[in-house]
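Numbering (this note's numbering), first residue to last: 1 to 60. Ideal Cβ positions, reconstructed from N, Cα and C, are used throughout, including at glycine. Here the structure is laid out as structure tokens; the discussion comes afterwards.
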Amino acid sequence: IELTDEQKEFLISVGIDPEKITPESIQCAIDKIGENRVEEIKNGDAITLTDVLKVYSCFQ
Numbered sequence: 001i002e003l004t005d006e007q008k009e010f011l012i013s014v015g016i017d018p019e020k021i022t023p024e025s026i027q028c029a030i031d032k033i034g035e036n037r038v039e040e041i042k043n044g045d046a047i048t049l050t051d052v053l054k055v056y057s058c059f060q
């Protein structure tokens, strides 16, 4: 998944390694926050703390 530098920095700051995002973790995120929100993030929308709280378990 292509992320902006700001998105990567945010993920790192909350303990998620953006280099270890897998297709399975993306599908888990889709299940938790919806395909539309995941697409918005992929298209450069800022990742919110609410997003992280909902999908954190997908990336551990």
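| Asked | Found |
| --- | --- |
| CB of Lys-32 within 9 angstroms of CB of Val-55, strictly | yes |
| Three-state secondary structure assigned by DSSP to Asn-43 | coil |
| Nearest to Ile-1 (by Cα), restricted to the options Thr-22, Ser-57, Ile-12, Leu-11 | Thr-22 |
| Of the residues Asn-43, Val-38, Ile-47, the one placed nearest Glu-9, counting alpha carbons only | Ile-47 |
| Range covered by the alpha helix (DSSP H) that runs through Val-14 | First-last for Val-14: undefined, no H or E at that position. |
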